[in-house]
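Engineer: Right, I'll just put the structure down here and ask away after.
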């Protein structure tokens, strides 16, 4: 296996893992046992979105994905991050005001 193709596989695999983990954690959050558990799962989804952004940047800098692909994917990733940030913040605020 060539070094470039091995690197492509490794980076692509990491991207797939972090990106799919976002959805998995959101799904788990839907069945959270408590508000704190919900916040925790959504926070993990946000961390995975941050990691996904990192892998996308590496794939772009390594010229493994085209610039147009990068722009489309990073835009979606940032939109997901903003949604998750809003959910986590409002959930934390709600938890604080319940006390």
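Residue numbers (this note's numbering): 1 to 99.
Glycine residues also receive a C-beta, built at the ideal position from the N, C-alpha and C atoms.
Quick caveat, the model's predicted, so the values are computed rather than measured.
Looking at the structure shown, is residue 24 part of a helix, part of a strand, or coil, going by DSSP?
Structural biologist: Three-state result, residue 24: helix.
Engineer: Can you give me the C-alpha to C-alpha distance between residue 46 and residue 55, rounded to a whole angstrom?
Structural biologist: Cα-Cα distance, rounded: 14 Å.
Engineer: Tell me whether residue 19 is buried or exposed, calling it buried when 16 or more other Cβ atoms sit within 10 Å of its Cβ.
Structural biologist: Residue 19 should be labelled buried.
Engineer: Residue 1 to residue 70, Cα distance in whole Å?
Structural biologist: Residue placement at residue 1 cannot be trusted, given a pLDDT of 39 that sits under 50; what the coordinates show is reported in the next sentence. Cα to Cα, the separation comes out at about 25 Å.
Engineer: Consult DSSP for residue 31 and reduce its assignment to one of helix, strand or coil.
Structural biologist: Looking at residue 31 - three-state DSSP - the assignment turns out to be coil, as it is neither helix nor strand.
Engineer: Tell me whether residue 9 is buried or exposed, calling it buried when 16 or more other Cβ atoms sit within 10 Å of its Cβ.
Structural biologist: Burial call: exposed.
Engineer: Using the Cβ count rule (16 or more neighbours within 10 Å means buried), how would you classify residue 42?
Structural biologist: The residue in question, residue 42, is buried, as its Cβ has 16 or more Cβ neighbours within 10 Å.
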